[in-house]
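Numbering (our numbering), first residue to last: 177 to 391.
Here the structure comes first, spelled out in structure tokens, and everything after it is commentary.
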Amino acid sequence: MRIYRRLYRHYGDLKWWPGESPLEVSVGAILTQNTAWSNVEKAITRLKEARSLSVKALVRLSHGRLARLIKAAGYFNVKARRLKNFISFLESRYGGSLKKMLHQDLDRLRTELLSINGTGPETADSILLYAAEKPIFVVDAYTKRILSRHGVMPYEKSYEEFQKLFMVHLPLDVPLYNQYHAMLVNVGKDFCRSRPLCASCPLNGWRGVPPLKAG
DNA sequence: CACCAGGCAAGTA
DNA sequence: TACTTGCATGGT
Numbered sequence: 177m178r179i180y181r182r183l184y185r186h187y188g189d190l191k192w193w194p195g196e197s198p199l200e201v202s203v204g205a206i207l208t209q210n211t212a213w214s215n216v217e218k219a220i221t222r223l224k225e226a227r228s229l230s231v232k233a234l235v236r237l238s239h240g241r242l243a244r245l246i247k248a249a250g251y252f253n254v255k256a257r258r259l260k261n262f263i264s265f266l267e268s269r270y271g272g273s274l275k276k277m278l279h280q281d282l283d284r285l286r287t288e289l290l291s292i293n294g295t296g297p298e299t300a301d302s303i304l305l306y307a308a309e310k311p312i313f314v315v316d317a318y319t320k321r322i323l324s325r326h327g328v329m330p331y332e333k334s335y336e337e338f339q340k341l342f343m344v345h346l347p348l349d350v351p352l353y354n355q356y357h358a359m360l361v362n363v364g365k366d367f368c369r370s371r372p373l374c375a376s377c378p379l380n381g382w383r384g385v386p387p388l389k390a391g
């Protein structure tokens with residue numbers, strides 16, 4: 177896509193990575209559901225301080241203790257349950273080996289992840305791309321907002337429709353999808369927060385769509 | 001003070 | 001199938 181090149185000219189290589197290990201990436205993917213990443217970082221930090229960012233520790237933790245540790249990420253009761261669901265699946269099906277679980281082929285792993293209660297399409301694809309390094313495009317709120325705003329696809333189209341749009345126009349390439357997603361998140365943060373910022377968005381003029389005007 | 005942030009599942013009609 | 005609602009903290 178030409179949008180990619182336009183964004184690349186603006187940002188250059190980002191080499192974005194939302195975690196230091198596959199487990200940290202997976203935990204972060206669940207914690208960031210409808211939540212600012214800055215709050216997720218606080219929760220991850222608490223988990224590390226408590227030496228609890230490991231499969232064994234997470235299995236051992238009670239719901240209440242886990243919920244307290246991740247409090248800063250919001251929805252802590254829901255997310256504690258979802259983390260437990262993920263870890264329980266890992267324990268029972270793979271003896272706690274995340275590596276083994278992530279080693280499968282993309283389609284099987286995606287189906288498995290989606291079968292876990294609390295892991296929807298975006299969470300599953302984040303784990304697939306960033307933890308398992310499988311070539312799947314991650315669609316998030318920024319992606320839908322930015323593409324619909326610039327007249328590429330209506331906002332109400334499904335997750336899979338947005339995902340297909342990227343994947344039929346681009347090669348299956350992990351670093352490419354990583355870079356593209358990172359750039360879209362940055363566009364969202366850098367230019368979609370207010371109208372004055374919007375005016376300098378690198379995508380303005382795409383398909384003739386002008387920046388938003390005041391009023 | 002109000003509003004929003006890198007979703008998802010469960011309930012309702 | 002297609003809405004609607006609950007979940008919750010921290011930043012602006």
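Each residue gets a CB set at the ideal place from its N, CA and C atoms; glycine is no exception.
These numbers come from a predicted model, not from an experiment.
Contact check, residue i vs residue j, beta carbons under 7 Å
{"i": "L373", "j": "F367", "result": "yes"}
{"i": "L278", "j": "A307", "result": "yes"}
{"i": "P297", "j": "Y335", "result": "yes"}
{"i": "A243", "j": "A219", "result": "no"}
{"i": "R286", "j": "A300", "result": "yes"}
Option in the options with minimal Cα separation from residue i
{"i": "V254", "options": "E267, F265, G240", "result": "G240"}
{"i": "I246", "options": "K275, V216, E337", "result": "V216"}
{"i": "A233", "options": "H326, K260, L285", "result": "K260"}
{"i": "Y318", "options": "L304, F262, F338", "result": "F338"}
{"i": "K453", "options": "Q355, P311, H326", "result": "Given that the chain is displayed from residue 177 to residue 391, the structure contains no residue 453 and the question cannot be resolved."}
{"i": "L346", "options": "S273, F313, R284, W193", "result": "F313"}
{"i": "S376", "options": "Y180, I179, H186", "result": "H186"}
{"i": "G294", "options": "D189, V203, Y180", "result": "V203"}
{"i": "L199", "options": "E288, V231, Y331", "result": "V231"}
{"i": "K191", "options": "Y356, V201, E267, K365", "result": "Y356"}
{"i": "N354", "options": "Y270, V315, E225", "result": "V315"}
{"i": "G195", "options": "G384, K365, S324, L305", "result": "L305"}
{"i": "N210", "options": "E225, A226, G250", "result": "G250"}
{"i": "L290", "options": "Y331, E309, F262", "result": "F262"}
{"i": "G271", "options": "V235, L282, D281, D349", "result": "V235"}
{"i": "A256", "options": "T208, D281, K275", "result": "T208"}
Contact belief for residue i with residue j at Cβ below 8 Å, rounded distance in angstroms
{"i": "L183", "j": "V363", "result": "7 Å"}
{"i": "S302", "j": "A205", "result": "4 Å"}
{"i": "H326", "j": "L388", "result": "Not really, about 11 Å apart at Cβ, beyond 8 Å."}
{"i": "I292", "j": "F252", "result": "Not really, about 19 Å apart at Cβ, beyond 8 Å."}
{"i": "L229", "j": "L237", "result": "At roughly 11 Å, the Cβ-Cβ gap does not stay under 8 Å, so L229 and L237 are not in contact."}
| field | Sequence ranges, alpha helix (DSSP H) only - wholly within the segment 267–305, length at least 4 | value | Restricting attention to alpha helix (DSSP H) runs no shorter than 4 residues, the segment 267–305 encloses them at 274–278, 282–291, 297–302, ordered along the chain.
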